[in-house]
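**Q**
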Amino acid sequence: MCGIAGFFSYHPVAPEISREELRLVRDHMAARGPDGVGEWFSDDGHVALGHRRLSIIDLSEAASQPMANEDGTVQLVFNGEIYNYRSLTERLRRNGHVFRSKSDSEVLIHLYEDLGDAMVHELRGMFAFALWDSKRRAMLLGRDPYGVKPLYYADDGWTVRVASQVKALLAGNQISRLPDPAGIAGFYLLGSVPEPFTTYQQIRAVPAGSIVWVDDLGASEPRKYFSISSFFREATRGAQKLDRKEAGELIRSALLDSVRHHLVADVPVSAFLSAGVDSGTIVALAREAGNKSLETVTLAFAEYRSTHEDEAPLASEVARIYQTVHRTRSLDESEFQRELPKILELMDQPSIDGINTYFISKAASENGVKVALSGLGGDELFRGYPAFRDVPRWVRGTWLPSRVPGLGRTTRALLSKLLPREISPKLAGMLEFGGSYAGAYFLRRGLFMPWELKDVVGLEMASEGLRRLAPVAMMQSVLEPDPGSAYARVATLESSLYMRNQLLRDTDWASMAHSVEVRVPLVDPFLLRDLAPILAANPSYASKRMVAGIARPLLPPAVSDRAKTGFNVPLNHWLERNTKLDVWRRLPVLTRPGTHWARRWAYASVSLGTQQ
Amino acid sequence: MPDPYRGFGGIAQYNRDLFDALSVPDRDTQIVSYCRHRAPDDSPFSPPANLKQHLLPGSEIRYVFRAAVGALKLRPDIVLCGHINLLPVGAILKRLTGCKLVVEVYGFEAWRRLPGIRSWGTRDVDLVISISRFTREQLVRWSGIEPRRIKLVPNPVHLDQYTQTAKPSYLVERYGLEGKLVLMTLGRLPGQERYKGQDRIIALMPKLSVRHPNLVYMIVGDGSDRARLEALVQSLGLQEQVMFAGKIPESEKLDHYNLADGFAMPSTSEGFGFVFLEAAACGVPVLGGSVDGSRDALVDGKLGVMVDPDSPEELLTGLEEILRREKRVPESLKPFDYPRFRAQIERLLLS
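Written out as structure tokens, the structure is:
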């Protein structure tokens, strides 16, 4: 886990790369990699790579980056972990490659030499890399299938600049800060900035599961090598009906395999533990896979004490059952307030989430933890969200009226005019959006509705943002090809949008702020390959109850039967009573009684972040 | 396409170079161009053999309609709009024929949203060829065209046609410049484009003359802004130090550059600033602004001195600097040579 930077001044008239700029970008990511620092410049000065290292696998100097192949024609900076690197190393050695380190990074280089950009298909892990091929005189940018690790680039027409974080790219002071209406509108519509957009016009994300070549014409169109929808579609075709016991065994073995792979490290691996089924199961499987002295950490809030939302007592119980070294870390409002300026500074792109991961990573870091497992991804695979129930129902219910031209829009306009305070914006938009999976999902996950946007960002930004983003079409695009079933469609939407743009991105910046690597065994294409045929044919097995049956010994019933609460932070209370956060009161649309706290936090976090 | 074989301006020159670059030997490329005006009979420019030009005189609407009908009949592989105003018609052609849509952008015409229907079609563009990063950024700002679809092909300079010489004696004599130090700006002076910055230099002449008593500021080019500049010179009593050469014949352009000891154009809204390359190709030290397309021609300060044009202090220091520098052709000019341009156009349009 690291921070990477790559520059290529590809245009014939472009000047050489400034060393100072590369260092500014690289060292802005110091927290991502406190253990080492490196840089490489091509002889002509037009290509440069920079690296900040957090050592997890092969802690020696031999594994430092940037790293080269045998004759120096391939140079690499890489952020992430390749969990199948040992088997790949064996294979590459048999093919005659000489390894100078025991690192997973070196695997990428030799694999590239053998397979070119098709190497991405062989990698099991989370990764983002920039690889310079001097023979081809081109730079390859690649990102893992789900987009666990971030990678951003800016092409100003002369030079392409690449980094793990948006704010790192800006730190070099050479990239335009023109705001991107699509990214800004996307944030207020969804609570996170949908990739490939960012809040800056010149900066784009390398899309998850894609590669981008940069040659003498600059950055090319991203090329997708993995899509969740295709995976489900294929799986639906080859799916087999199984009985519950058989399916349970297969799911269990696939999860155990994924957890086992995610334990590969040369430092101790710990786990985040809540009172939920997913993290409890991960902890149980990690112990079963042989992690003898597993450390676990749970976050507790004074506001939740003795309520259903307090996860600490149940998490302690789970820790006791699986014999982990457990710690509960309490967080109160004053600590949140103290850390808020830092959080807003470190939040790479605006988001309504991430605070929880920030503090649990802080707690882990206080314990000396470098790597932690997380149950993130369980809700997307095993129907943990209300969208799995609501979206298909809404689509069925509004299918016919939504197809009458103009009816949805007129109904919404009438309802908003006649009952502006009584009717929720989402309900008003039901006929307009509810008739398709993409539209219904937008209603389910939407923070602000398109027609509310002008009240938050102004008319011009709102209309331009909506034009460029086209939110429903953007969501529809992740459903192509059609995943084939109601379950698979919602799972695809949740994994490709909410999980990717919000959960994974927040997990990255919030954990990296404390130099902690978070691993997500439930977000793994090899796991999906094993599970998709089972779950697509038997959607009823895609349930938390099924997961709850996996741990040995079983999770306590209080955990298995517990209603979902999410990984929450009492922001709703803090926003109401904390005068430092109440900037949201400026905006009439946010002062209505019953307004969801996330809408207020979205506005407050951006306003406070800009003021800093 | 703006008529490439009619004018001497930068855009016409750019498109002549573009047509030449497209006429690759042994390659079966047919170029059909629709233009509005006939080139004069004594035009010094000769179009390449594989270029077929259609003259479509009359109103703009008539031109657009007839060009579109012509393109529909031809069903070309690529439609290249030589001006962003033609984008909507290009977009319609793309939708009807499936051709690749390419648009050229140069300067201020692409910096703000075009009124009405003329800004329609930005989503259909496959490729934009821009001459500078500044124009590219301004286009992205209002149009939302994905930055990676906009490629930069800066103006080429035919280095084989430029030579650094001693000051041509006939011009020294004509202007009475014996023993003078010459600071020059060469460019049009149209009223609505008061952005070349001659007035900024005029205002600094009293200070510059203290250190360089033999300094003459020579303004080459003509236009409706000339009267304003002359009035300014008059009001500052600088008639001796500032000279208006007016419009010069194309054949004397090179000699005029060679007359200069320093070339300065501290403009604020330049699309690229081709004159910087021409002056530099004659070995003249150049100065330009840092806030527009000039940055590209100046290679971020490597090819010439780059200053904030709105800062008189910076401008003064910069002017002192170029007058101090030795005259020689800078290394960083080489990548602007025509072969680079040709290779880029081939890669973008023919591969």
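Taken in order, these protein sequences are the chains called Y and C. For the first sequence, the numbering used here assigns the number 1 to the initial residue and increments by one for each residue that follows. For the second sequence, the numbering used here assigns the number 613 to the initial residue and increments by one for each residue that follows. Backbone N, C-alpha and C fix where the C-beta goes; we use that ideal spot for every residue, glycine too.
Whole angstroms is fine: what's the gap from F463/Y's alpha carbon to L555/Y's?
**A** As a working note, residue 463/Y is residue 463 in the first sequence. As a working note, residue 555/Y is residue 555 in the first sequence. Residue identity check: residue 463/Y is Ser in the sequence provided, not Phe. About 50 angstroms.
**Q** Quick test of the definition: if touching needs 3 or more C-beta pairs under 8 angstroms, does the segment 241-258 of chain Y touch the segment 172-182 of chain Y?
**A** no
**Q** Considering only residues of the same chain and omitting the five flanking positions on each side of F886/C, which have a CB-CB separation below 6 angstroms?
**A** Taking the second sequence and counting its residues from 1, one reaches residue 886/C at position 274. Taken in chain order, the residues that qualify are G622 and N767.
**Q** Touch check for the segment 1-14 of chain Y and the segment 44-51 of chain Y: three-plus C-beta pairs under 8 angstroms?
**A** yes
**Q** Let me know the secondary structure DSSP gives F442/Y once reduced to three states.
**A** Within the first sequence, residue 442/Y is the residue found at index 442, counting from 1. In this structure, F442/Y counts as helix in the three-state DSSP scheme.
**Q** Could you confirm whether any beta carbon from chain C is found closer than 8 angstroms to the beta carbon of Q202/Y?
**A** Taking the first residue of the first sequence as position 1, residue 202/Y is located at position 202. With 8 angstroms as the cut-off, Q202/Y counts as an interface residue toward chain C.
**Q** Keeping to the same chain, check which residues put their C-beta closer than 6 angstroms to that of D455/Y; ignore five residues upstream and five downstream.
**A** Mapped onto the first sequence, residue 455/Y falls at position 455. The residues are V589.
**Q** Using a threshold of 8 angstroms, state whether the C-beta atoms of R137/Y and D35/Y are closer than that.
**A** On the first sequence, residue 137/Y is found 137 positions in, with the first residue counted as 1. On the first sequence, residue 35/Y is found 35 positions in, with the first residue counted as 1. Against a cut-off of 8 angstroms, the Cβ pair of D35/Y and R137/Y comes out as no contact.
**Q** Return the chain-ordered list of same chain residues with a C-beta closer than 7 angstroms to the C-beta of R678/C, the five sequence neighbours on each side being excluded.
**A** The residue you call residue 678/C lines up with position 66 of the second sequence. Within the same chain, R678/C has close Cβ partners L668.
**Q** Locate the alpha helix (DSSP H) running through R26/Y, then write down its first and last residues.
**A** As a working mapping, residue 26/Y is identified with position 26 in the first sequence. That run of the alpha helix (DSSP H) goes R19 to D27.
**Q** Compare the C-beta of P759/C against all C-beta atoms of chain Y and say whether one is closer than 8 angstroms.
**A** As a position in the second sequence, residue 759/C is number 147, starting the count at 1. For P759/C, the answer is yes, since a Cβ of chain Y falls inside 8 angstroms of its Cβ.
**Q** What do you get for E380/Y, buried or exposed, if any count of 16 or more other CB atoms within 10 angstroms of its CB means buried?
**A** Numbered from 1 along the first sequence, position 380 holds the residue referred to as residue 380/Y. Classification for E380/Y: buried.
**Q** Taking the C-alpha atoms as reference points, what is the distance between L273/Y and T296/Y?
**A** Along the first sequence, one-based indexing puts residue 273/Y at 273. Along the first sequence, one-based indexing puts residue 296/Y at 296. Their Cα atoms are separated by approximately 6 angstroms.
**Q** Start and end of the beta strand (DSSP E) containing D133/Y?
**A** The residue labelled residue 133/Y in the question sits at position 133 within the first sequence. Where D133/Y is concerned, the enclosing beta strand (DSSP E) stretches over G125 to D133.
**Q** Going by DSSP, what residues sit across from C647/C in a beta bridge?
**A** Residue 647/C sits at position 35 when you count from the first residue of the second sequence. Partner(s): L667/C.
**Q** For L713/C, which residues in the same chain have their Cβ closer than 6 angstroms to its Cβ, ignoring the five residues on either side in sequence?
**A** Reading the second sequence from its first residue, position 101 is the one you call residue 713/C. Within the same chain, Cβ atoms closer than 6 angstroms to the Cβ of L713/C are found at V691, G702, K706, D736, V737 and D738, the five residues on either side in sequence being excluded.
**Q** At a Cβ threshold of 8 angstroms, is D736/C touching chain Y?
**A** Numbered from 1 along the second sequence, position 124 holds the residue referred to as residue 736/C. Answer no: the Cβ-Cβ gap between D736/C and chain Y never drops below 8 angstroms.
**Q** Assuming S836/C and L827/C are in contact, meaning their beta carbons sit under 8 angstroms apart, how far apart are those beta carbons, in whole angstroms?
**A** The sequence position of residue 836/C within the second sequence is 224, counting from 1. The sequence position of residue 827/C within the second sequence is 215, counting from 1. The C-beta separation of S836/C from L827/C comes to about 27 angstroms, leaving the pair out of contact by the 8 angstroms criterion.
**Q** Quick check: the segment 383-398 of chain Y against the segment 434-443 of chain Y, are at least 3 beta-carbon pairs closer than 8 angstroms?
**A** yes
**Q** Considering only their Cβ atoms, is the gap separating R329/Y from A363/Y smaller than 8 angstroms?
**A** Residue numbering aside, residue 363/Y sits at position 363 when the first sequence is read from its first letter. Residue numbering aside, residue 329/Y sits at position 329 when the first sequence is read from its first letter. Yes, the pair counts as a contact, with Cβ atoms nearer than the cut-off.
**Q** Nearest to R881/C by CA position, among P616/C, F746/C, S655/C and K664/C, is which residue?
**A** The residue given as residue 881/C occupies position 269 in the second sequence. Per the sequence shown, the amino acid found at residue 881/C is Ser instead of Arg. Measuring from the Cα of S881/C, the nearest candidate turns out to be F746/C.
**Q** If you check the beta carbons only, do Y498/Y and R445/Y fall under 8 angstroms apart?
**A** Translated into the one-based positions of the first sequence, residue 498/Y becomes position 498. Translated into the one-based positions of the first sequence, residue 445/Y becomes position 445. Against a cut-off of 8 angstroms, the Cβ pair of R445/Y and Y498/Y comes out as a contact.
**Q** Quick check on this structure: which residue in R204/Y, L59/Y and I355/Y has the alpha carbon closest to the alpha carbon of A510/Y?
**A** Taking the first sequence and counting its residues from 1, one reaches residue 510/Y at position 510. In terms of CA proximity to A510/Y, I355/Y leads the group R204/Y, L59/Y and I355/Y.
**Q** Can you name the residues that DSSP bridges to C2/Y?
**A** Reading the first sequence from its first residue, position 2 is the one you call residue 2/Y. In the DSSP assignment, C2/Y forms a beta bridge with R53/Y.
**Q** According to a CB-to-CB cut-off of less than 8 angstroms, which residues of the segment 413-445 of chain Y neighbour chain C?
**A** none
**Q** Between the Cα of L771/C and the Cα atoms of A680/C, Q956/C and F948/C, which residue gives the shortest distance?
**A** In the second sequence, residue 771/C corresponds to position 159, counting from 1. If we check each option's Cα against that of L771/C, F948/C comes out closest.
**Q** On a Cα-Cα basis, can you pick out the residue from A168/Y, V166/Y, L170/Y and Y200/Y that is closest to A182/Y?
**A** As a first step, residue 182/Y must be located in the first sequence, where it is residue number 182. With distances taken between Cα atoms, A182/Y lies closest to Y200/Y.
**Q** Output yes if chain Y places a C-beta closer than 8 angstroms to the C-beta of S742/C; else output no.
**A** The sequence position of residue 742/C within the second sequence is 130, counting from 1. Yes, S742/C counts as interfacial toward chain Y.
**Q** Give me the subset of the segment 214-225 of chain Y whose CB atoms are less than 8 angstroms from a CB atom of chain C, sorted by chain position.
**A** Answer set for the segment 214-225 of chain Y: D216, L217, G218, A219, S220 and E221.
**Q** Would you grab the beta carbon distance between L189/Y and L503/Y for me? Rounded to a whole angstrom, and I think it's under 8 angstroms.
**A** Sequence index remark: in the first sequence, residue 189/Y carries index 189 (1-based). Sequence index remark: in the first sequence, residue 503/Y carries index 503 (1-based). 17 angstroms between Cβ atoms; not a contact.
**Q** List the residues of chain C that G157/Y touches, going by C-beta distances under 9 angstroms, in chain order.
**A** Your numbering for residue 157/Y matches position 157 in the first sequence. Simply S742, S744, R745, R748, E749, P759, I762, K763, L764 and D908.
**Q** Where do the N-terminal and C-terminal ends of the alpha helix (DSSP H) with R137/Y fall, by residue?
**A** Residue mapping note: residue 137/Y aligns to position 137 of the first sequence, counting from 1. Segment: none, R137/Y is in no alpha helix (DSSP H) and carries neither H nor E.
**Q** Compute the Euclidean distance between the alpha carbons of G209/Y and S229/Y, then round it to the nearest angstrom.
**A** As a working note, residue 209/Y is residue 209 in the first sequence. As a working note, residue 229/Y is residue 229 in the first sequence. Put simply, the backbone Cα of G209/Y is about 12 angstroms away from that of S229/Y.
**Q** Taking the alpha carbon of A271/Y as the point to measure from, which residue in S258/Y, T398/Y and V371/Y has its own alpha carbon closest?
**A** Numbered from 1 along the first sequence, position 271 holds the residue referred to as residue 271/Y. Minimum Cα distance to A271/Y is reached at V371/Y.
**Q** Is there a C-beta anywhere in chain C that falls below 8 angstroms from the one on S9/Y?
**A** Position 9 of the first sequence, counted from the first residue, corresponds to residue 9/Y. For S9/Y, the answer is no, since every Cβ of chain C falls outside 8 angstroms of its Cβ.
**Q** Below 8 angstroms, how does it come out for the segment 410-422 of chain Y and the segment 467-475 of chain Y: are there three or more Cβ pairs, yes or no?
**A** No, they do not touch.
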